[in-house]
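Novice:
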Amino acid sequence: MKARAVLRTGWLCAIVLAGPASGAPTADTLEERVDHLVRWSYDHPDEALARLRSLGRGVAASPARDRLLLQAAGQIEAQAGRAAKAGEHAARLEALSRPQQDPLADAAAQMVRAAVAEAASQIDVAAALAQSAAAVYERTCPPAVPAPAAASDCDYRSLWRALQITQRRAISVGQLTLAQQKGQRAFDLADWAGDVYRKAFGLSTLAYVAARDGRGDQALRSIAQAKRMAATLDDPLAMIRVLMNEARVADARGDAGSGLRATEEAAALAQRAGARRHQALLLVNLSDSYVKQGRPAAALRAAAQALPTVRRFNDVRAERVLINNAGLAKIGLGRIAEGKQDLAAVVALWERSGAVADQAWALREYGEALAVAGDARSALDLYHRERALTTDAMARNRRVVLAQMQSRYDTEAKQRSIDLLERDNALKTAALANRDLVQRVWGVAAAVMALSVVLAVLLYRRVRETHRLLTANEATLRVQSERDALTGLANRRHFHAAVQAAAAEPDASCDRTLLMVDIDHFKHINDGHGHVAGDVVLVEVARRLNAAVRGDDLVVRWGGEEFLIVAAKLGPEQADQLAARILASIGSTPVLAEQQAVWITASIGYACFPLAPHGVPVPWEQAINLSDMALYVAKSQGRNRAVGLVSASACDAQSLRAIEGDFERAWQEGRVTLRQTPGPGA
Numbered sequence: 003m004k005a006r007a008v009l010r011t012g013w014l015c016a017i018v019l020a021g022p023a024s025g026a027p028t029a030d031t032l033e034e035r036v037d038h039l040v041r042w043s044y045d046h047p048d049e050a051l052a053r054l055r056s057l058g059r060g061v062a063a064s065p066a067r068d069r070l071l072l073q074a075a076g077q078i079e080a081q082a083g084r085a086a087k088a089g090e091h092a093a094r095l096e097a098l099s100r101p102q103q104d105p106l107a108d109a110a111a112q113m114v115r116a117a118v119a120e121a122a123s124q125i126d127v128a129a130a131l132a133q134s135a136a137a138v139y140e141r142t143c144p145p146a147v148p149a150p151a152a153a154s155d156c157d158y159r160s161l162w163r164a165l166q167i168t169q170r171r172a173i174s175v176g177q178l179t180l181a182q183q184k185g186q187r188a189f190d191l192a193d194w195a196g197d198v199y200r201k202a203f204g205l206s207t208l209a210y211v212a213a214r215d216g217r218g219d220q221a222l223r224s225i226a227q228a229k230r231m232a233a234t235l236d237d238p239l240a241m242i243r244v245l246m247n248e249a250r251v252a253d254a255r256g257d258a259g260s261g262l263r264a265t266e267e268a269a270a271l272a273q274r275a276g277a278r279r280h281q282a283l284l285l286v287n288l289s290d291s292y293v294k295q296g297r298p299a300a301a302l303r304a305a306a307q308a309l310p311t312v313r314r315f316n317d318v319r320a321e322r323v324l325i326n327n328a329g330l331a332k333i334g335l336g337r338i339a340e341g342k343q344d345l346a347a348v349v350a351l352w353e354r355s356g357a358v359a360d361q362a363w364a365l366r367e368y369g370e371a372l373a374v375a376g377d378a379r380s381a382l383d384l385y386h387r388e389r390a391l392t393t394d395a396m397a398r399n400r401r402v403v404l405a406q407m408q409s410r411y412d413t414e415a416k417q418r419s420i421d422l423l424e425r426d427n428a429l430k431t432a433a434l435a436n437r438d439l440v441q442r443v444w445g446v447a448a449a450v451m452a453l454s455v456v457l458a459v460l461l462y463r464r465v466r467e468t469h470r471l472l473t474a475n476e477a478t479l480r481v482q483s484e485r486d487a488l489t490g491l492a493n494r495r496h497f498h499a500a501v502q503a504a505a506a507e508p509d510a511s512c513d514r515t516l517l518m519v520d521i522d523h524f525k526h527i528n529d530g531h532g533h534v535a536g537d538v539v540l541v542e543v544a545r546r547l548n549a550a551v552r553g554d555d556l557v558v559r560w561g562g563e564e565f566l567i568v569a570a571k572l573g574p575e576q577a578d579q580l581a582a583r584i585l586a587s588i589g590s591t592p593v594l595a596e597q598q599a600v601w602i603t604a605s606i607g608y609a610c611f612p613l614a615p616h617g618v619p620v621p622w623e624q625a626i627n628l629s630d631m632a633l634y635v636a637k638s639q640g641r642n643r644a645v646g647l648v649s650a651s652a653c654d655a656q657s658l659r660a661i662e663g664d665f666e667r668a669w670q671e672g673r674v675t676l677r678q679t680p681g682p683g684a
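Reading the sequence shown from the start, the letters are residues 3 to 684 in our numbering.
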């Protein structure tokens, strides 16, 4: 499965550091003892809470002690999946901050709530809370405070944890430069504190960022150094954490064998250390690796072994991943009905979490698995469900962006109005002062009046210029809202506006050709080369499409890796030539992305409307759906080809709807005639 919030970029990783495998760890200071208990609690939450309470009874009461113990208890409850109890500790921290005016207590409450949000896969919320808390902690840590002065006041552990959360969020959305900055700051902080544990883990995470960014050699050097650091600690779980990141690095570099070996080594260490939750977590990763390697039986065994432990710790995120992988494995083993039941369960879980993108990705994975298993009808149904979810998510994102743009525009307009009002008030004050001066010195009054006239003229000109700028900005926002920010192509909003404008023309013609273009295996480009390379490919494909079509044809970014081309007054033969030209333009030359040559191909579905031979009028929505069905045939026939809808034996709208309702059957029965054009090298 694709990256799911912070959980998965091919691998599932524990959110907090784990401590020694058995017994409560010992340390010198209260802060060190609490820190070790929090890490140890990942596998032993109830025992850790009991020892934390005992530890608190042995230390004199103070606001700092209360803050430390409440934050630790909230962190333990959050990572154990007990959000309500963690929330109670956060509320007590907030109450503690008010009478004491203690910003650190409020920051500690934010860190507990961030842990709750991250456990619920709400990584954006968690990162926002962690960023707010980090701003408080940074004020008492170097370099804001000189190192000697910061030694006693700097809560570097909380700041380090906040930086890790924001780094994970940056990785999940592909902001690798920001992830590198946050990770380097966290590593420098651990180095200043002499915390070898956090240095090793932070360095291994930086190695994963480097691998994602295409810096494979640096990633391997960093992982090797992190393993040497972990080996100096008498703590097997330190090495487990580094090995988990080593597996992620191997996966990012496309070295599935090394990733699997690192995960299996970590799983063996976890079993020997008696770390049941870490062992279950690694089994989740193993099930994912086995699914990708086409080993469904092994994937199913790993998922079944991990599921009881995951449920015992109320780890809903890991449970979703396990159910998903188990379903895919069952389909791979031919147990299609059971796999579909798991699909229904995992989709229901994603729906409850509100993660629409993850739900759509699960539908796509299952659709591909069912297609390979030969269940084409179910695969087609999942394809349409995934498309509908993706379209809905894009629409919601578009509304959010437009709302943000409108809010920014309103704020700027209000600020301009305030500036104008302030200038107007200043002018009125000057006029009152001038009237007082007139009564005493007429000569000075004349000069002041002349100055007032000049100011009024300047103010009038400024108002006119401001109005002109507001009008220009409004026009610019309207244009920007109808353009795709990445490729510069028209978006769906522009397409619908163009359709409405064309329908209003008195001599509007219904002759048009629609071509639906989809980049083949775009997920592999993102997984193999990174999201930055994926964006480069999208921009280059947009450029090639513009170069292949005529000047008055419309090219629209329809969504994700899919594009729509609208060409007017184009005959069937010309449509075939245009489709072949687009295939050659996209597939004949590689795209240079991140200093790598990436070969890409595309699948195309197209048709000329009205459809031959009866010329039944086809609404825009139905025409797009028919072209989309032709595209699905192109993908199911092996991709890298164009499939044109030549004719349909439909003499009226009802017959055409019947064909649309079951396109594949209509094709097999000869009621639809298709023409295939292979792409380069097909």
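C-beta: ideal position from N, C-alpha, C; glycine also.
Values in this document were obtained by computation on a predicted structure and should not be read as measured data.
Provide the residue(s) that pair with LEU613 in DSSP beta bridges, ordered along the chain.
Specialist: One-based indexing of the sequence shown puts residue 613 at position 611. LEU613 pairs with VAL618.
Novice: Near GLN182, which residues of its chain fall below 6 angstroms by C-beta distance, leaving aside the five closest residues on each side in sequence?
Specialist: Against the sequence shown, residue 182 aligns to sequence position 180. Around GLN182: VAL211.
Novice: Does the structure place the stretch 603–614 close enough to the stretch 484–503 that three or more beta carbon pairs sit under 8 angstroms?
Specialist: No, because fewer than three Cβ pairs between the stretch 484–503 and the stretch 603–614 fall closer than 8 angstroms, the two stretches do not touch.
Novice: What's the call for LEU302, buried or exposed, on a 16-neighbour Cβ count within 10 Å?
Specialist: Working through the sequence shown from its first residue, we reach residue 302 at position 300. It counts as buried.
Novice: Considering only DSSP beta bridges, list what ARG485 is partnered with.
Specialist: Within the sequence shown, residue 485 is the residue found at index 483, counting from 1. According to DSSP, ARG485 bridges with ALA492.
Novice: So if DSSP puts GLY607 in a beta bridge, which residue, or which two residues, is it bridged to?
Specialist: Taking the first residue of the sequence shown as position 1, residue 607 is located at position 605. In the DSSP output, where bridge partners are listed per residue, GLY607 has MET518 and VAL645.
Novice: DSSP puts GLY561 in a beta bridge; with which residues?
Specialist: Here residue 561 refers to the residue found at position 559 when the sequence shown is read from its first residue. Partner(s): GLU564.
Novice: Nearest to GLU662 by CA position, among ALA625, ASP554, ARG297 and ASN642, is which residue?
Specialist: Taking the sequence shown and counting its residues from 1, one reaches residue 662 at position 660. Taking only the C-alpha atoms, the option nearest GLU662 is ALA625.
Novice: Between which two residues does the alpha helix (DSSP H) containing ARG243 stretch?
Specialist: Indexing the sequence shown from 1 puts residue 243 at position 241. First-last of the alpha helix (DSSP H) with ARG243: 238–254.
Novice: Which runs of the alpha helix (DSSP H) at least 4 residues long sit entirely within the stretch 134–159? Give them in chain order.
Specialist: Qualifying alpha helix (DSSP H) stretches, in chain order: 149–155.
Novice: So what does VAL600 bridge to, in DSSP terms?
Specialist: Counting from 1 along the sequence shown, the entry for residue 600 is found at position 598. Bridge partners of VAL600: VAL593.
Novice: Sorted by chain position, which residues of the same chain lie with C-beta nearer than 7 angstroms to VAL393's C-beta, five sequence neighbours on each side aside?
Specialist: For the purposes of this step, residue 393 is identified with residue 391 of the sequence shown, where counting begins at 1. It should be noted that the sequence gives Thr, not Val, for residue 393. Excluding residues within five positions, the ones whose Cβ falls inside 7 angstroms are GLY561.
Novice: Output needed for GLY681: all residues of its chain with C-beta closer than 6 angstroms, excluding positions within five of it in sequence on either side, in chain order.
Specialist: For this step, residue 681 is matched to residue 679 along the sequence shown. Cβ within range, chain order: LEU585, GLY589, THR603, ASN642 and ARG643.
Novice: So VAL374 and ALA364 are supposed to be a Cβ contact under 8 angstroms. How far apart are they, rounded?
Specialist: Counting from one through the sequence shown, the residue named residue 374 turns up at place 372. Counting from one through the sequence shown, the residue named residue 364 turns up at place 362. No, VAL374 and ALA364 are not in contact; Cβ-Cβ is about 16 angstroms, not under 8 angstroms.
Novice: If you count every other CB in all the chains shown that lies within 10 Å of the CB of ARG470, and 16 or more means buried, which is it?
Specialist: The residue you call residue 470 lines up with position 468 of the sequence shown. Under this definition ARG470 is an exposed residue.
Novice: To the nearest angstrom, report how far apart SER657 and SER651 are at their CA atoms.
Specialist: As a position in the sequence shown, residue 657 is number 655, starting the count at 1. As a position in the sequence shown, residue 651 is number 649, starting the count at 1. Their backbone Cα atoms lie some 8 angstroms apart in a straight line.
Novice: By the 10 Å Cβ neighbour count, where 16 or more other Cβ atoms means buried, how is GLU248 classified, buried or exposed?
Specialist: For the purposes of this step, residue 248 is identified with residue 246 of the sequence shown, where counting begins at 1. So GLU248 counts as buried.
Novice: Rounded to whole angstroms, what's the CA-CA distance from ALA487 to ALA581? Just pull it up for me.
Specialist: As a position in the sequence shown, residue 487 is number 485, starting the count at 1. As a position in the sequence shown, residue 581 is number 579, starting the count at 1. Their Cα atoms are separated by approximately 26 angstroms.
Novice: So ASP126 packs on LEU178, CB below 8 angstroms; how close in whole Å?
Specialist: Your numbering for residue 126 matches position 124 in the sequence shown. Your numbering for residue 178 matches position 176 in the sequence shown. The Cβ separation is near 17 angstroms, so there is no contact.
Novice: Rounded to the nearest angstrom, how far is the Cβ of ARG289 from that of LEU324, given a contact under 8 angstroms?
Specialist: Locating residue 289 in the sequence shown gives position 287, counting from the first residue. Locating residue 324 in the sequence shown gives position 322, counting from the first residue. The sequence given here places Ser at residue 289; Arg does not occur at that position. Indeed they touch by this definition, with Cβ atoms about 7 angstroms apart.
Novice: So, GLY536 versus PHE524, is the Cβ gap smaller than 8 angstroms?
Specialist: One-based indexing of the sequence shown puts residue 536 at position 534. One-based indexing of the sequence shown puts residue 524 at position 522. A contact, by the Cβ cut-off of 8 angstroms.
Novice: Candidates LYS87, TYR368 and ALA320: which alpha carbon is nearest LYS342's?
Specialist: Looking up residue 342 in the sequence shown gives position 340. For LYS342, the nearest C-alpha among the options comes from TYR368.
Novice: Relative to the C-alpha of GLY176, which candidate in LEU330, GLU96, ALA213 and PRO105 has its C-alpha closest?
Specialist: Mapped onto the sequence shown, residue 176 falls at position 174. Of the candidates LEU330, GLU96, ALA213 and PRO105, the one whose C-alpha sits nearest the C-alpha of GLY176 is ALA213.
Novice: Can you give the Cα-Cα distance for PRO27 and GLY259, rounded to whole angstroms?
Specialist: Position 25 of the sequence shown holds residue 27. Position 257 of the sequence shown holds residue 259. Because the pLDDT at PRO27 is just 43, under 50, the model does not fix this residue reliably, and the value given afterwards should be weighed accordingly. Spanning the two alpha carbons is a distance of roughly 35 angstroms.
Novice: Please check the pair LEU516 and LEU566, which I expect to be a contact at CB under 8 angstroms, by giving their CB distance rounded to whole angstroms.
Specialist: Your numbering for residue 516 matches position 514 in the sequence shown. Your numbering for residue 566 matches position 564 in the sequence shown. So it is a contact: roughly 7 angstroms between Cβ atoms.
Novice: So GLY563 and ILE521 are in contact, right, with Cβ under 8 angstroms, and what is the actual spacing, rounded?
Specialist: Sequence index remark: in the sequence shown, residue 563 carries index 561 (1-based). Sequence index remark: in the sequence shown, residue 521 carries index 519 (1-based). The question names Gly, but residue 563 is Glu in the sequence shown. Indeed they touch by this definition, with Cβ atoms about 4 angstroms apart.
Novice: Which of the three DSSP states is assigned to PRO310 in this structure?
Specialist: As a position in the sequence shown, residue 310 is number 308, starting the count at 1. Helix, per DSSP.
Novice: Can you tell me the Cα-Cα spacing of ALA82 and SER134, whole angstroms?
Specialist: Mapped onto the sequence shown, residue 82 falls at position 80. Mapped onto the sequence shown, residue 134 falls at position 132. Each residue's Cα considered, the two are about 24 angstroms apart.
Novice: Does the stretch 328–337 come within contact of the stretch 310–318, defined as at least 3 CB pairs closer than 8 angstroms?
Specialist: Too few Cβ pairs lie closer than 8 angstroms, so no.
Novice: Under a Cβ-count criterion, where at least 16 other Cβ atoms within 10 Å of its own Cβ denotes burial, should VAL459 be classed as buried or exposed?
Specialist: Along the sequence shown, one-based indexing puts residue 459 at 457. It is exposed - the Cβ of VAL459 has fewer than 16 other Cβ atoms within 10 Å.
Novice: Who pairs with ALA270 in a beta bridge, going by DSSP?
Specialist: Locating residue 270 in the sequence shown gives position 268, where the first residue counts as 1. In the DSSP output, where bridge partners are listed per residue, ALA270 has none listed.
Novice: Quick check on TYR462: buried or exposed, where buried means 16 or more other Cβ atoms within 10 Å of its Cβ?
Specialist: Here residue 462 is taken as the residue at index 460 of the sequence shown, counted from 1. The residue is exposed, with fewer than 16 neighbouring Cβ atoms inside 10 Å.
Novice: May I have the straight-line CA-CA distance separating ASP68 from LEU98, to the nearest angstrom?
Specialist: Sequence index remark: in the sequence shown, residue 68 carries index 66 (1-based). Sequence index remark: in the sequence shown, residue 98 carries index 96 (1-based). Spanning the two alpha carbons is a distance of roughly 8 angstroms.
Novice: Answer with buried or exposed for GLY438, where buried requires no fewer than 16 other C-beta atoms within 10 angstroms of its C-beta.
Specialist: As a working note, residue 438 is residue 436 in the sequence shown. It should be pointed out that residue 438 corresponds to Asp in this sequence rather than to Gly. So ASP438 counts as exposed.
Novice: Would you mind reading off the limits of the alpha helix (DSSP H) that contains LEU330?
Specialist: Counted from its first residue, the sequence shown places residue 330 at position 328. Residues 318–334.
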